[in-house]
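There are 2 protein chains.
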Amino acid sequence: SAHAADKATTIPAKAVAAATELRDKAMADNTGYEFVSALTTEVGPRLAGSEADKRGVEWTVAKFKAMGFDKVYTEKVSYPLWERHSEHAAIVAPFPQPLALTALGYSAGTPAGGLTAEVVAFDTLEAFKAADPATVKGKIVYVSTHMTQQKDGHDYGMGSATRTRGPVLAAQMGAAAYLLRSAGTDPHSRTPHTGVTGFTDPKDAIPAAALSLPDADQLERVLKEGKPVTLKLDLDVGFKGTYEGMNVIGEVTGRKKPKEVVAIGGHLDSWDLGTGAIDDGAGVAIAAAAAKLIKDMPQRPDRTIRVIAFANEEMGLWGGRAYAEAHAKDVSNFQLGTESDFGAGRIWRMTASVKPEARGAIEQIAKVIEPIGVAYDPNKPGGGGSDLSQMHAKGMAALSLTQDGTDYFDYHHNANDTLDKIDPKALAQNVAVYAAFAYMAAQADGNFGSAAGAFAKDGAHD
Amino acid sequence: SAHAADKATTIPAKAVAAATELRDKAMADNTGYEFVSALTTEVGPRLAGSEADKRGVEWTVAKFKAMGFDKVYTEKVSYPLWERHSEHAAIVAPFPQPLALTALGYSAGTPAGGLTAEVVAFDTLEAFKAADPATVKGKIVYVSTHMTQQKDGHDYGMGSATRTRGPVLAAQMGAAAYLLRSAGTDPHSRTPHTGVTGFTDPKDAIPAAALSLPDADQLERVLKEGKPVTLKLDLDVGFKGTYEGMNVIGEVTGRKKPKEVVAIGGHLDSWDLGTGAIDDGAGVAIAAAAAKLIKDMPQRPDRTIRVIAFANEEMGLWGGRAYAEAHAKDVSNFQLGTESDFGAGRIWRMTASVKPEARGAIEQIAKVIEPIGVAYDPNKPGGGGSDLSQMHAKGMAALSLTQDGTDYFDYHHNANDTLDKIDPKALAQNVAVYAAFAYMAAQADGNFGSAAGAFAKDGAHD
Ligand SMILES: [Zn+2]
Ligand SMILES: [Zn+2]
Ligand SMILES: [Zn+2]
Ligand SMILES: [Zn+2]
Chain G
1 SAHAADKATT IPAKAVAAAT ELRDKAMADN TGYEFVSALT TEVGPRLAGS EADKRGVEWT
61 VAKFKAMGFD KVYTEKVSYP LWERHSEHAA IVAPFPQPLA LTALGYSAGT PAGGLTAEVV
121 AFDTLEAFKA ADPATVKGKI VYVSTHMTQQ KDGHDYGMGS ATRTRGPVLA AQMGAAAYLL
181 RSAGTDPHSR TPHTGVTGFT DPKDAIPAAA LSLPDADQLE RVLKEGKPVT LKLDLDVGFK
241 GTYEGMNVIG EVTGRKKPKE VVAIGGHLDS WDLGTGAIDD GAGVAIAAAA AKLIKDMPQR
301 PDRTIRVIAF ANEEMGLWGG RAYAEAHAKD VSNFQLGTES DFGAGRIWRM TASVKPEARG
361 AIEQIAKVIE PIGVAYDPNK PGGGGSDLSQ MHAKGMAALS LTQDGTDYFD YHHNANDTLD
421 KIDPKALAQN VAVYAAFAYM AAQADGNFGS AAGAFAKDGA HD
Chain X
463 SAHAADKATT IPAKAVAAAT ELRDKAMADN TGYEFVSALT TEVGPRLAGS EADKRGVEWT
523 VAKFKAMGFD KVYTEKVSYP LWERHSEHAA IVAPFPQPLA LTALGYSAGT PAGGLTAEVV
583 AFDTLEAFKA ADPATVKGKI VYVSTHMTQQ KDGHDYGMGS ATRTRGPVLA AQMGAAAYLL
643 RSAGTDPHSR TPHTGVTGFT DPKDAIPAAA LSLPDADQLE RVLKEGKPVT LKLDLDVGFK
703 GTYEGMNVIG EVTGRKKPKE VVAIGGHLDS WDLGTGAIDD GAGVAIAAAA AKLIKDMPQR
763 PDRTIRVIAF ANEEMGLWGG RAYAEAHAKD VSNFQLGTES DFGAGRIWRM TASVKPEARG
823 AIEQIAKVIE PIGVAYDPNK PGGGGSDLSQ MHAKGMAALS LTQDGTDYFD YHHNANDTLD
883 KIDPKALAQN VAVYAAFAYM AAQADGNFGS AAGAFAKDGA HD
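Protein chains in written order, with our numbering: chain G, 1 to 462; chain X, 463 to 924.
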């Protein structure tokens, strides 16, 4: 094939040795944890478009400068502004009592004074899809998708579909509102999980919210008694025009090929219920700490290490899409990239979407990170993570560095996403993996195959 | 001594055999769990004096009748009414962000629009007691007592003192408000713990509230940065006159000595944040199920089994104190008593305050419940539990049936006190212990020493 004629990409032995040393230094280093501790303490929750989002951008610019990055800059990202002011719910009949719920992103508000309607319940999104629209018209649709803990969090596919597609379908069927059992895995916590819906136009939106798991159980027990169940929802939330946010970028400039970049990052915005520690302060911290450790080496790497703190991932990859639009024409300059956005658990697997001639270099990276618990699976693609999936879709060679997400959906998108959920040692392991891979990619002889339209059919979907 | 001349109290062999059978039946019976499931589902939270409290009384009267108790009646209990409408808090400076907190019982509200003041922090209640009042005047006092999990929950002594006495002291010293780190043990849950303060007169009360443990950690991290920290509290809570509630009583009437009673129970009221499953729906359920199982025996017991669902234990043993005032003159008719109010974990220890001549009968009870995990400690007093401690103080012979409270303070007085925290098997073990002891006490030849003023110096303090 044409590929077979290309020269194989390799990592020089000296770079492998330096990456090994870097890895061990990172495993004992606290830079990542200090970053996420300071971000979540000094800024707190960072809902996209909120006053705190603006402070988060300023904080990150200042922090990247204080960390000594060679270049620190921002790039604009425009998106619809959505606000949450207050949210209450109660069973009105047959057994009056409050319920713990949270509105979903892009939900409409209820009329002032609240919305009262009967509930129609479905066990699954599939069952709801099969419903006769006449049975849900004017009602509050409730869908009870159950998720359980898994290392790779695969139940979230079903949970997030219930959250994103369910409300859109309910609106199309004429429902008054939509409720789901939270897309989460802690059955004992009264902390409902928020997250975005599939509404794209304020005109199409209806009130949509999630019950905590114990509240979902409670509603299901009440429904089981067989009497009509009426709920009142009072959601003061909604769209409010357009906002201009920022991707924040910090670089360690390459010594030999400064225009060729290894792209790493996380998203700076968070939901407002917790402080966005595991989602995704940790991701930004991992990438920033990895770049800082590379910067502290005796000399700059050959290529540039670019840390991107993306704007508004939560409501639809707004930062990632804006970034990919702006940089698609430069895709071949992106040596390799991946984003951290699955919490702060240890990385246990690496997969890659690279050209065949770069598989050897990926194996070299794999050997350096294998001793700290990362297995290389050569048979799966690498998707680049949440926002950087958009650059991968444009043709950027990408890794997936899969974290242990066993408890991720206990805390994800709810009030319990706070600093105490992060194990500093596990976070340091992430930094070590990012530092080692980024440095080796920056020092490689040859590229990983980034080109416009490359990898379009690799099957990656993260 | 005078006691030595009395005849020893004993349990007839036939009663021991019947109690053993009753114990085994109870271990496999679901009546207790069904009771607490229905109470917490059909009534929900039961804040003393609320509309739900009234529904809870009606529900319990109806339930006791449906269970077939021979007598069901109520007794009035008057107490100050305290209401919670809404509660919000935020760090204003240096790092603006919301904090999860809950107002404490008998807290004053803040002025409309909220109260903003600087924080003065103390590690312990002792440190706060030693403070110069001038340093806290006009400030928000914050006390950071730390509790950890224990089987017997002894840290709650320190935690509840910080919650009850701290606010009173803060008010006396001229503080603007009082905050504590929640008297709870789950470091990862954003669910603050409420509970009563020591305020007795609305005129003396100041705003008093608890931060969830992660929020307390957050405030402490912010304080550690060394800048002045300003908080805003907005608590719409407060006293609102007097309320007349009800103790609800159900009886299985004794066949031979109907006026002599074995008293068991729990408290019907709960805090409003959860549904009052472990505190104390479980206690009422355990007592009611035990009595129901005794009622279902071939014939009524010799003495009466009285189940008391107390009113407003939470804000100061109001139901228990009213009960003791009303029944003190009959104390010698109370054969033996104890209340369940420490969750739904298994009972692991029995202690007793009885006359010396009844120790043998207590040992007979101990032998029946030992096979299901209960150790008898003859060297400690039995205090009768929360509300029934008041009858014990009047001279009622009493047991303490100590539950495993390892996780009790994870959920106690917070939004996570919901049905899912109850293990049906552990609840059934409690019912088995209550049924076996109550039946044996009802069948005893002789009494356990109840008399006006007895046991005044037994050292019991629960
Ligand atoms: Zn994320
Ligand atoms: Zn997220
Ligand atoms: Zn209690
Ligand atoms: Zn309590």
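We treat Cβ as the ideally placed atom computed from N, Cα and C, and that holds for glycine.
Contact note: residue 719/X does not reach chain G at a C-beta cutoff of 8 Å; the least C-beta distance is about 40 Å. Shortest gap from the CB of residue 193/G to any heavy atom of ligand 2: 7 Å or more. For the pair residue 790/X and residue 658/X, the Cα-to-Cα distance works out to about 26 Å. Here residue 206/G carries a coil assignment [DSSP, helix/strand/coil].
At a threshold of 7 Å, residue 468/X does not count as near ligand 3, since its beta carbon sits no closer than that to any of the ligand's heavy atoms. At least one beta carbon of chain G lies nearer than 8 Å to the beta carbon of residue 683/X. Assignment of residue 640/X by DSSP, reduced to helix, strand and coil, places it in the strand class. Taking non-hydrogen atoms of ligand 4 into account, the C-beta of residue 849/X is found less than 7 Å away from none of them. Annotation: the continuous beta strand (DSSP E) that includes residue 402/G extends over 398-403. Of all alpha-carbon atoms in 557/X, 822/X, 499/X and 892/X, the one lying nearest the alpha-carbon of residue 472/X is that of 822/X. Put simply, the CB of residue 468/X is far from chain G, with every gap to its CB atoms at 8 Å or more. In the DSSP assignment, the residues bridged to residue 120/G are 141/G. Excluding sequence positions up to five before and after residue 417/G, its CB lies within less than 8 Å of the CB of 270, 271, 273, 274, 275, 276, 277, 278, 279 and 411, all in the same chain and listed in chain order. Here residue 618/X is buried: its Cβ has 16 or more other Cβ atoms, across all protein chains shown, within 10 Å. Per DSSP, residue 502/X is not a residue of any beta strand (DSSP E); the alpha helix (DSSP H) it occupies stretches across 493-504. A residue is called buried when at least 16 other Cβ atoms come within 10 angstroms of its Cβ; residue 304/G meets this threshold and is buried. Comparing C-alpha distances from residue 911/X to each of 845/X, 868/X and 815/X shows the shortest one belongs to 815/X. Nearest CB-CB separation between residue 270/G and chain X: not below the 8 Å threshold. In the structure shown, the three-state DSSP call for residue 544/X is strand.
Boundaries of the alpha helix (DSSP H) around residue 424/G: 424-443.
Remark: the C-beta of residue 314/G is in contact range of ligand 2, defined as less than 7 Å to any heavy atom. The beta carbons of residue 707/X and residue 506/X sit no closer together than 8 Å. At least one CB atom of chain X sits nearer than 8 Å to the CB of residue 188/G. For the segment 388-416 of chain G, residues whose beta-carbon sits nearer than 7 Å to a beta-carbon of chain X comprise 415 and 416. Here the segment 481-493 of chain X makes contact with the segment 893-907 of chain X; the two share three or more CB pairs at distances below 8 Å.
DSSP lists no beta-bridge partner residue for residue 630/X. The beta carbons of residue 384/G and residue 314/G sit about 18 Å from each other, so the pair does not count as a contact at 8 Å. With fewer than 16 other Cβ atoms inside 10 Å of its own Cβ, residue 86/G counts as exposed.
Fewer than three beta-carbon pairs drawn from the segment 574-588 of chain X and the segment 711-718 of chain X are found closer than 8 Å, and the two stretches are therefore not classed as touching. At least one heavy atom of ligand 2 falls within 7 Å of the beta-carbon of residue 279/G.
Residue 676/X belongs to the set of residues whose beta carbon lies under 8 Å from a beta carbon in chain G.
Here the distance from the Cβ of residue 616/X to the nearest heavy atom of ligand 2 is not below 7 Å. Scanning its chain for C-beta atoms nearer than 7 Å, with the 5 sequence neighbours on each side dropped, one finds around residue 888/X the residues 806, 807 and 808, in chain order. When 310/G, 366/G and 174/G are compared, the shortest CA-CA separation from residue 247/G is found for 310/G.
Measuring C-alpha to C-alpha distances from residue 757/X to each of 532/X, 865/X, 862/X and 883/X identifies 532/X as the nearest. Per DSSP, reduced to three states, the secondary structure at residue 733/X is coil, with no helix or strand assignment.
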